[in-house]
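There are 2 protein chains.
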Amino acid sequence: MDQPAPQPSAPASIKIQPIGIIRSCFPEKFGIPRQPGLVPDATGTIELYDWIASDSLEGLEQFSHLWVFFQFHKAVARGWKPRVRPPRLGGNKKVGVFASRSPQRPNFLGHSVVAIQGVDQARGLIHIGGIDLLDGTPVIDIKPYIPYTDSLLHAAEGYAPKPVHHFDILFTPESEQACTKYQSQHDVNLQQLIRQILQQDPRPAYHKDDRTYGMRLWDLNIRFTYTSSTITVEHIHKSPT
Amino acid sequence: MDQPAPQPSAPASIKIQPIGIIRSCFPEKFGIPRQPGLVPDATGTIELYDWIASDSLEGLEQFSHLWVFFQFHKAVARGWKPRVRPPRLGGNKKVGVFASRSPQRPNFLGHSVVAIQGVDQARGLIHIGGIDLLDGTPVIDIKPYIPYTDSLLHAAEGYAPKPVHHFDILFTPESEQACTKYQSQHDVNLQQLIRQILQQDPRPAYHKDDRTYGMRLWDLNIRFTYTSSTITVEHIHKSPT
Numbered sequence: 008m009d010q011p012a013p014q015p016s017a018p019a020s021i022k023i024q025p026i027g028i029i030r031s032c033f034p035e036k037f038g039i040p041r042q043p044g045l046v047p048d049a050t051g052t053i054e055l056y057d058w059i060a061s062d063s064l065e066g067l068e069q070f071s072h073l074w075v076f077f078q079f080h081k082a083v084a085r086g087w088k089p090r091v092r093p094p095r096l097g098g099n100k101k102v103g104v105f106a107s108r109s110p111q112r113p114n115f116l117g118h119s120v121v122a123i124q125g126v127d128q129a130r131g132l133i134h135i136g137g138i139d140l141l142d143g144t145p146v147i148d149i150k151p152y153i154p155y156t157d158s159l160l161h162a163a164e165g166y167a168p169k170p171v172h173h174f175d176i177l178f179t180p181e182s183e184q185a186c187t188k189y190q191s192q193h194d195v196n197l198q199q200l201i202r203q204i205l206q207q208d209p210r211p212a213y214h215k216d217d218r219t220y221g222m223r224l225w226d227l228n229i230r231f232t233y234t235s236s237t238i239t240v241e242h243i244h245k246s247p248t
Numbered sequence: 008m009d010q011p012a013p014q015p016s017a018p019a020s021i022k023i024q025p026i027g028i029i030r031s032c033f034p035e036k037f038g039i040p041r042q043p044g045l046v047p048d049a050t051g052t053i054e055l056y057d058w059i060a061s062d063s064l065e066g067l068e069q070f071s072h073l074w075v076f077f078q079f080h081k082a083v084a085r086g087w088k089p090r091v092r093p094p095r096l097g098g099n100k101k102v103g104v105f106a107s108r109s110p111q112r113p114n115f116l117g118h119s120v121v122a123i124q125g126v127d128q129a130r131g132l133i134h135i136g137g138i139d140l141l142d143g144t145p146v147i148d149i150k151p152y153i154p155y156t157d158s159l160l161h162a163a164e165g166y167a168p169k170p171v172h173h174f175d176i177l178f179t180p181e182s183e184q185a186c187t188k189y190q191s192q193h194d195v196n197l198q199q200l201i202r203q204i205l206q207q208d209p210r211p212a213y214h215k216d217d218r219t220y221g222m223r224l225w226d227l228n229i230r231f232t233y234t235s236s237t238i239t240v241e242h243i244h245k246s247p248t
């Protein structure tokens, strides 16, 4: 429907004040699932800043899932690109950035749906699971997931159908012991978390070699080796601080 | 999982540059559906600004639906509130703003999923349908809807199950003729659009009287009267400009 419309004037910039910060198991980008929900055991916390009154969380516990809006803050320094290479296209075909979820986009904005695991209204904390969020990510808004309006099961999936991977994941006796020890000290199923992450194949799309990789989770360094369709977790060590 | 984490420092503000602007059938708030997708015939256009290279839209036509991220620009002047009265609770119960989709939220950010009706890459235009967006809304990002990660059919819906309304909608001979005339001049099914909007019951939650209301669509003024479960569209006139 065409109609006379005033020409858009030069857009005024919009100032956004972060409402909180993400604390997550992912201190670095490598290993982060490419979308939320793929790694249920990946957990974290949204810590609200003091300028947000804690009663703004009232009633959130009625919902099971939450949209988190954030800035891909580590992407800002690299700038945005009109065309990007999504991992789902093998990393060697380009599409327009607005046909992708790439962080290298104008304004570097992200949105993820996560599971609500607990709301601590008094302390301004929300415990979340199934996350794909880097530790330290600035949060600019949160909203309840509302299925009747957000869930479109039959939307066309373009080049991004649900990914299917299958790897056999083995732990060396040493890395299995390291998991057991860590789990006795922390309330986390580390071995299951590592399995879920590696099953997503965190290797870069252009770089699917059989070799050894390192990934960080909290203060741990995890080393694992690809051999065809088998991944062996070799070592788990504390990171030097 | 508790671990020592550095205290969040005072958050730096984030500067957002709008990427485009919404042109929509809704020149004012009254009549806008409360969520996207409820009024399929409500259409509009995203006009990208010149600073966005047109090849950033390449490949978007593979998808059927789009997330639009925007600012509720008309809400900014009123400020945000920690607790709000959602229409779905009858407008008389409060919840925390983060347990709602209210525009009166910190940063005034909105997100809507809309149907992609056409991508005009050369001119930087995206034609969209099922919108709940005010004309002139600043757009800060767009992303393809990806069902495997965005569609959670079984998420808990809290206080917001799918709304069910039913009204009998009648047109006076005069208003029916006005629709026919408008439709002969514009590529739009005005009568169907009006039916879809009125079926959503645009009246404020606290104000469900049987009386006459006025609503604007493009340059038209539409007057309609509620009588119990019947709505009669009385007049359709051009707005004075």
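These protein sequence lines map, in sequence, to chains A and B. Letter by letter, the first sequence follows residues 8 to 248 in this note's numbering. Letter by letter, the second sequence follows residues 8 to 248 in this note's numbering. Virtual Cβ for every residue (Gly too), placed ideally from N, Cα, C. Model, not experiment: these values are computed from the prediction.
Annotation for A/Lys245: the continuous beta strand (DSSP E) segment containing it runs 237-245.
Against chain A, the CB of B/Leu64 has a partner CB under 8 Å away; the residue lies at that interface. In the DSSP annotation of this structure, A/Ile39 is not part of any beta strand (DSSP E), being labelled neither H nor E. For A/Asp127, no Cβ of chain B is located within less than 8 Å of the residue's own Cβ.
For A/Glu35, no chain B residue has a C-beta closer than 8 Å to its own C-beta; the minimum C-beta separation is roughly 15 Å.
Contact check for A/Phe33 against A/Leu116 fails: the beta carbons are separated by 8 Å or more. Boundaries of the beta strand (DSSP E) harbouring B/Arg230: 227-234, taken from the DSSP string. Measuring C-alpha to C-alpha distances from B/Asp127 to each of B/Ile149, B/Arg210, B/Ile53, B/Leu205 identifies B/Ile53 as the nearest. Beyond the five residues adjoining it in sequence on each side, A/Gly51 comes within less than 7 Å, by CB distance, of Ile29, Arg30, Ser31, Cys32, Ile135, Ile138, Leu140 in the same chain, given in chain order. Setting aside the 5 residues that flank it on each side, A/His118 is surrounded in the same chain by Trp74, Val75, Phe76, Phe77, each with a C-beta closer than 8 Å to its C-beta; the list follows chain order.
Look at A/Gly103: its C-beta is under 8 Å from a C-beta on chain B. Here A/Lys169 carries a coil assignment [DSSP, helix/strand/coil]. When the Cα atoms are used, B/Gly143 and A/Asp226 turn out to be separated by approximately 47 Å. Around the C-beta of B/Leu200, 16 or more other C-beta atoms lie within 10 Å, and the residue is accordingly described as buried. Residue environment analysis places A/Tyr213 among the exposed positions, since fewer than 16 neighbouring C-beta atoms fall within 10 angstroms of its C-beta.
Listed in chain order, the non-local C-beta contacts of A/Pro145 below 7 Å within the same chain comprise Pro25, Ile28, Phe77, Gln78, His80, local neighbours out to five positions each way being set aside. If you check each beta-carbon in the stretch 151-176 of chain B against every beta-carbon of chain A, the ones closer than 9 Å belong to Pro151, Tyr152, Ile153, Pro154, Tyr155, Thr156, Asp157, Ser158, Leu159, Leu160, His161, Ala162, Ala163, Glu164, Gly165, Tyr166, Ala167, Pro168, Lys169, Pro170. Assigned with DSSP and collapsed to three states, B/Pro211 falls in coil, not helix or strand. Below the 8 Å Cβ cutoff, chain A contributes Trp74, Phe76, His118, Lys150 as neighbours of B/His118, in chain order. About 6 Å separates the Cβ atoms of A/Pro94 and A/Arg41, confirming a contact at the 8 Å cut-off. Residue state for B/Pro113 is assigned as helix, using DSSP reduced to three classes. B/Gly97 and B/Ser182 have their C-alpha atoms some 31 Å from each other. Put simply, the CB of B/Gly98 is far from chain A, with every gap to its CB atoms at 8 Å or more. Nearest Cα to A/Thr234 within the set A/Glu241, A/Ile243, A/Arg218: A/Arg218.
Secondary-structure assignment with DSSP links B/His134 through a beta bridge to B/Thr52, B/Gly125.
Taking 8 Å as the upper bound for CB-CB distance, B/Val83 and B/Val91 are not in contact here, some 15 Å apart. Between the stretch 169-189 of chain A and the stretch 171-182 of chain B there are fewer than three inter-stretch CB-CB distances shorter than 8 Å, so the stretches are not counted as touching.
When C-beta distances to chain A are compared with 7 Å, the residues of the stretch 37-53 of chain B below that value are Gln42, Pro43, Gly44, Thr50, in chain order. With its beta carbon less than 8 Å from one in chain B, A/Pro113 belongs to the interface.
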